[in-house]
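K.L.:
Next up is a structure, given as C-alpha cells.
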Amino acid sequence: MFLLNFDSFQLKLSFLLTINSALSCHVYHDPIFPIYGQHVMLHPKKFLDESKSQGNLNLIQSNVIGEGDDHVNKNRRDKIREMMIHAWTGYKKYAWGANELRPVSKKPYNEGIFGKNEIGLTIIDAIDTLYIMGLTNEYEEAKMWIENNFTLEKYQGYFDTFEGNIRLIGSFLSMYGLTQDQMFLEKAKYVVDKILPIFETKTGIPKALIDFNTNSTKNYDYAYGGNSILSQYGSFHLEFSFLSKITGDGTYLNIVEKIRKFLSNSNKSHDLYPIYIDSDDGEWGLKYNSIGSNGDSFYEYLLKSWILSGYEDELSKNMFVSSMKAIQRHLIGTSHGNDLTYLGFLKFGELEPKMDHLSCFAGALFSLAGNTLNNSEYLKLAEKIADTCHASYVKSETGLGPEQFWFLHDPKYHAKAVKFDESRFALRPETIESYFYLYRITKNQTYRDWGWDCVLSLEKYCKTPHGYSGIKNVYDIKSDKDDIQQSFFLAETLKYLYLLYSNDSLLPLNEWVFNTEGHPLPINGEV
Numbered sequence: 001m002f003l004l005n006f007d008s009f010q011l012k013l014s015f016l017l018t019i020n021s022a023l024s025c026h027v028y029h030d031p032i033f034p035i036y037g038q039h040v041m042l043h044p045k046k047f048l049d050e051s052k053s054q055g056n057l058n059l060i061q062s063n064v065i066g067e068g069d070d071h072v073n074k075n076r077r078d079k080i081r082e083m084m085i086h087a088w089t090g091y092k093k094y095a096w097g098a099n100e101l102r103p104v105s106k107k108p109y110n111e112g113i114f115g116k117n118e119i120g121l122t123i124i125d126a127i128d129t130l131y132i133m134g135l136t137n138e139y140e141e142a143k144m145w146i147e148n149n150f151t152l153e154k155y156q157g158y159f160d161t162f163e164g165n166i167r168l169i170g171s172f173l174s175m176y177g178l179t180q181d182q183m184f185l186e187k188a189k190y191v192v193d194k195i196l197p198i199f200e201t202k203t204g205i206p207k208a209l210i211d212f213n214t215n216s217t218k219n220y221d222y223a224y225g226g227n228s229i230l231s232q233y234g235s236f237h238l239e240f241s242f243l244s245k246i247t248g249d250g251t252y253l254n255i256v257e258k259i260r261k262f263l264s265n266s267n268k269s270h271d272l273y274p275i276y277i278d279s280d281d282g283e284w285g286l287k288y289n290s291i292g293s294n295g296d297s298f299y300e301y302l303l304k305s306w307i308l309s310g311y312e313d314e315l316s317k318n319m320f321v322s323s324m325k326a327i328q329r330h331l332i333g334t335s336h337g338n339d340l341t342y343l344g345f346l347k348f349g350e351l352e353p354k355m356d357h358l359s360c361f362a363g364a365l366f367s368l369a370g371n372t373l374n375n376s377e378y379l380k381l382a383e384k385i386a387d388t389c390h391a392s393y394v395k396s397e398t399g400l401g402p403e404q405f406w407f408l409h410d411p412k413y414h415a416k417a418v419k420f421d422e423s424r425f426a427l428r429p430e431t432i433e434s435y436f437y438l439y440r441i442t443k444n445q446t447y448r449d450w451g452w453d454c455v456l457s458l459e460k461y462c463k464t465p466h467g468y469s470g471i472k473n474v475y476d477i478k479s480d481k482d483d484i485q486q487s488f489f490l491a492e493t494l495k496y497l498y499l500l501y502s503n504d505s506l507l508p509l510n511e512w513v514f515n516t517e518g519h520p521l522p523i524n525g526e527v
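Per the UniProt record's numbering: the sequence shown = residues 1 to 527.
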C-alpha cells in the first residue's frame with residue numbers, strides 16, 4: 001500500500017525540501033496494476049529503510065511520491081506550489097481560524113456554508129494539499145491548529161452535514177490514510193458521531209441539517225417540499241465505509257448501506273434517481289434529474305464506493321452501470337452545428353439544454369468508469385464532455401468557464417452563459433479535475449496544455465496581492481472580483497493542477513479514491 005508514514009522512521013515532512021537526483025536507484029516497477037500507461041511506482045517504506053541505513057535522511061518529496069525529472073512539468077509544479085503558498089499566506093495573515101478569506105478586503109469570509117461559526121474550514125480542507133505538495137511548515141501549522149483548536153462544541157445554528165462530511169470528515173480521513181496519525185482519525189469520528197441523528201428517519205435517508213444543541217434535524221427550506229436532496233444524502237458512502245473499515249465498527253457502513261438498498265429497490269423514472277425524496281415516506285418529489293447540481297456526487301459515489309471496497313461492492317457497481325445507461329439515454333444532448341456533447345437537466349421528461357460547471361466533473365467520472373470497467377464508450381464520452389467544458393472556457397475573454405452555460409440554436413452561443421449571474425467563475429475545480437483524470441488515463445498531452453491555460457488565466461484574472469478571488473463575469477477582462485477565496489480552491493483546484501503535472505506514482509488511481517472534495521482515501525482501507 002502506498003503510504004506516507006514517516007513516523008515509523010522518526011522523520012518529519014521538514015526533510016521534504018529539495019530534490020535529490022539519486023532517485024534512479026530507488027525506483028521500483030509494480031507489475032500488479034499495469035493500467036495507467038507506463039506506470040512507475042515508488043515503495044516509500046523500502047526507500048526510506050534503505051535511505052536510513054545509508055544515512056541519507058535529506059529525503060525529498062519527489063523521491064517519495066513520484067515527481068518526475070521533466071523540467072517543464074517540474075517548473076509547472078513549482079508554480080502551482082507558489083500559488084498554494086500565496087493563497088495560504090493570505091488566509092493565514094488575514095483570516096486564520098476563520099472559514100475562508102476575502103482576499104480583496106483582507107478580512108475573513110464567514111458568510112458561507114457554516115455561517116459565522118469559525119471552524120477553520122480552509123485549514124482543514126487544505127491540509128492534505130499542503131502535505132502532498134511537501135509544504136512542511138504550512139502543513140505543521142495546519143495540523144497544530146486542528147489538534148488544538150478544532151471543535152464543534154460552540155457551533156450555533158444548523159450544521160450542513162453534506163459539506164461537513166466531504167470537507168471535514170473527508171479531509172481528516174484522508175490525512176489518516178496518508179499519515180496514520182490517530183489524531184486525524186479521532187477528529188473524523190468526532191464529527192461523524194455528532195451528525196448521526198440525521199439518519200434517524202423511517203427510510204434511513206438523512207436530513208441535511210442538524211442543530212448540535214438540540215439534536216433537531218431538518219432539510220433546507222429551498223428544497224422542494226422540504227425533501228432530502230440526492231447529491232447530499234447520497235454522498236456519505238465513501239467516508240462512512242472507510243471509517244468502518246479502519247475502526248472495525250460496522251455502524252457507519254450499515255448506515256450508508258441502508259440508504260443504498262432502499263434506493264436500489266425504489267421505483268425510479270427513466271431508471272434515474274430524481275433529485276428530491278421525502279426521507280420519511282420515501283416518495284420522490286419533483287421529477288427533476290441531473291448529474292450536475294443536486295445530483296452529481298451521488299453518481300460519483302456509486303462508482304467510487306465499488307472501487308474503494310476493493311471492487312467488492314457489487315450493489316454500488318450495478319447501480320452505477322444501470323444509471324450510466326439511463327444517463328446516456330436521457331441526460332446527454334448534442335448541440336446543433338458544432339456537435340458539442342453536454343449533460344443537461346431532465347425536467348418532467350424534457351431535456352433542458354443547459355449545463356453546470358459542476359457537471360464538468362463527469363469527464364473525470366466517466367474516464368475512471370471507462371478504465372475500471374474496461375468500457376471504451378465511457379472513455380469516449382468523458383473526452384467529449386471535457387471538450388465541451390474546455391469550449392466553455394475558451395469562448396470567454398478570460399479563458400475561464402462560467403457557472404452555467406447553454407446550447408441554444410445559434411452555434412455562436414453554444415457553451416456560453418446567457419444570464420449575467422451564470423457568467424461568474426468561483427475558482428471551481430471540476431474542469432481541471434477532468435483534465436487530471438483524462439491525462440492519467442490517456443496520456444494525451446492536450447489535457448496538460450489545457451490545464452496550463454487555466455493556470456495562466458487564474459494568475460491573470462483571479463490573483464490578488466493576498467490570495468485568489470473568483471470573478472463575476474468571465475466575458476469581461478476587467479470583471480469585478482467576488483472577493484471570496486473558496487476553501488475548495490486549495491482543496492481541489494490547486495491539488496488537481498499539481499497532480500496533473502506529477503507522475504502517476506503520486507496518489508495512483510489504482511490505490512487511491514478521491515472523495516468529491518478532492519480528499520484521497522486508500523482503496524480497501526489499507527492503511
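The C-beta atom is built at its ideal place from N, Cα and C for all residues, glycine as well.
Would you kindly report the start and end of the unbroken beta strand (DSSP E) that includes residue 296?
P.N.:
Here residue 296 belongs to no beta strand (DSSP E); instead the alpha helix (DSSP H) covers 296–308.
K.L.:
Threshold first: 3 residues or longer. Then list the beta strand (DSSP E) segments lying entirely within the region 70–149, N to C.
P.N.:
Those beta strand (DSSP E) runs which fall completely within the region 70–149 and span 3+ residues are 100–102, 107–109.
K.L.:
Just mark residue 70 as buried or exposed, buried being the case when its beta carbon has 16 or more other beta carbons within 10 Å.
P.N.:
exposed
K.L.:
Using 8 Å as the cut-off, can you tell me whether the region 180–195 makes contact with the region 159–166, which would need three or more C-beta pairs spanning the two stretches below that distance?
P.N.:
yes
K.L.:
By the three-class DSSP mapping on this structure, what secondary structure does residue 168 have?
P.N.:
Reduced to three states, the DSSP call for residue 168 is helix.
K.L.:
Between residue 517 and chain B, is the shortest Cβ-Cβ distance under 8 Å, so that the two count as touching?
P.N.:
Although the question refers to chain B, the structure presented lacks it and comprises just one protein chain.
K.L.:
Take residue 228 and list the residues in its own chain whose beta-carbon comes closer than 8 Å to its own, dropping the five residues that flank it on each side.
P.N.:
205, 206, 207, 208, 219, 276, 277, 278, 279
K.L.:
Let me confirm a value: residue 309 is counted as buried when at least 16 other C-beta atoms fall within 10 Å, else exposed. Which label applies?
P.N.:
buried
K.L.:
Between which two residues does the beta strand (DSSP E) carrying residue 352 extend?
P.N.:
350–352
K.L.:
Quick one: what's got a C-beta closer than 7 Å to residue 429's C-beta in the same chain, skipping five residues either side?
P.N.:
488, 492, 493, 496, 518
K.L.:
If I measure Cβ to Cβ from residue 247 and keep anything under 8 Å in the same chain, skipping five residues before and after, which residues do I get?
P.N.:
185, 189
K.L.:
Report yes or no: do the region 503–515 and the region 474–489 share at least 3 C-beta pairs separated by less than 8 Å?
P.N.:
no
K.L.:
List the residues that DSSP assigns as beta-bridge partners of residue 282.
P.N.:
None; residue 282 has no bridge partner.
K.L.:
Less than 8 Å between the beta carbons of residue 316 and residue 414, yes or no?
P.N.:
No.
K.L.:
So which of 332, 249, 364, 338 has the shortest CA-CA distance to residue 351?
P.N.:
332
K.L.:
In the DSSP output, which residue or residues are listed as bridge partners for residue 513?
P.N.:
521
K.L.:
Going by DSSP, which residues form a beta bridge with residue 159?
P.N.:
210
K.L.:
Note down, in chain order, each residue of its chain lying with its Cβ closer than 6 Å to the Cβ of residue 403, except the 5 sequence neighbours on either side.
P.N.:
357, 422, 424
K.L.:
Distance check for residue 121 and residue 210, CA to CA, integer angstroms please.
P.N.:
18 Å
K.L.:
Output needed for residue 187: all residues of its chain with C-beta closer than 7 Å, excluding positions within five of it in sequence on either side, in chain order.
P.N.:
Only 146, 150, 172 meet the Cβ criterion.
K.L.:
Between 231, 474, 452, which lies nearest to residue 294 when the distance is taken from Cα to Cα?
P.N.:
Ranking the options by Cα distance to residue 294, first place goes to 231.
K.L.:
Can you tell me the Cα-Cα spacing of residue 512 and residue 409, whole angstroms?
P.N.:
42 Å
K.L.:
Sorted by chain position, which residues of the same chain lie with C-beta nearer than 6 Å to residue 114's C-beta, five sequence neighbours on each side aside?
P.N.:
Cβ neighbours of residue 114 beyond the five flanking positions: 99.
K.L.:
Could you name the residues that DSSP lists as bridge partners for residue 347?
P.N.:
According to DSSP, residue pairing for residue 347 in a beta bridge involves 288, 350.
K.L.:
If I follow the unbroken beta strand (DSSP E) through residue 333, where does it start and stop?
P.N.:
332–334
K.L.:
If distances are taken between C-alpha atoms only, which option among 136, 372, 175, 390 comes closest to residue 355?
P.N.:
390
K.L.:
State buried or exposed for residue 311, treating a residue as buried only when at least 16 other CB atoms are found within 10 Å of its CB.
P.N.:
exposed
K.L.:
DSSP three-state label for residue 235, please.
P.N.:
coil
K.L.:
Please check the pair residue 382 and residue 366, which I expect to be a contact at CB under 8 Å, by giving their CB distance rounded to whole angstroms.
P.N.:
4 Å
K.L.:
Pairs of beta-carbons, one from the region 458–466 and one from the region 437–445, closer than 8 Å: are there three or more?
P.N.:
no
K.L.:
For the beta strand (DSSP E) holding residue 486, just list the boundary residues, first then last.
P.N.:
That residue, residue 486, is in no beta strand (DSSP E); it is neither H nor E in DSSP.
K.L.:
If distances are taken between C-alpha atoms only, which option among 286, 109, 161 comes closest to residue 226?
P.N.:
286
K.L.:
Relative to the C-alpha of residue 258, which residue among 242, 249, 297, 234 is closest?
P.N.:
234
K.L.:
For residue 313, count the other beta carbons within 10 Å of its own beta carbon; 16 or more makes it buried, fewer makes it exposed. Which is it?
P.N.:
buried
K.L.:
Any idea which residues DSSP pairs residue 425 with across the strands?
P.N.:
471
K.L.:
I'd like the span of the beta strand (DSSP E) that includes residue 180, first residue to last.
P.N.:
Looking at the DSSP string, residue 180 is not in any beta strand (DSSP E), and its letter there is neither H nor E.
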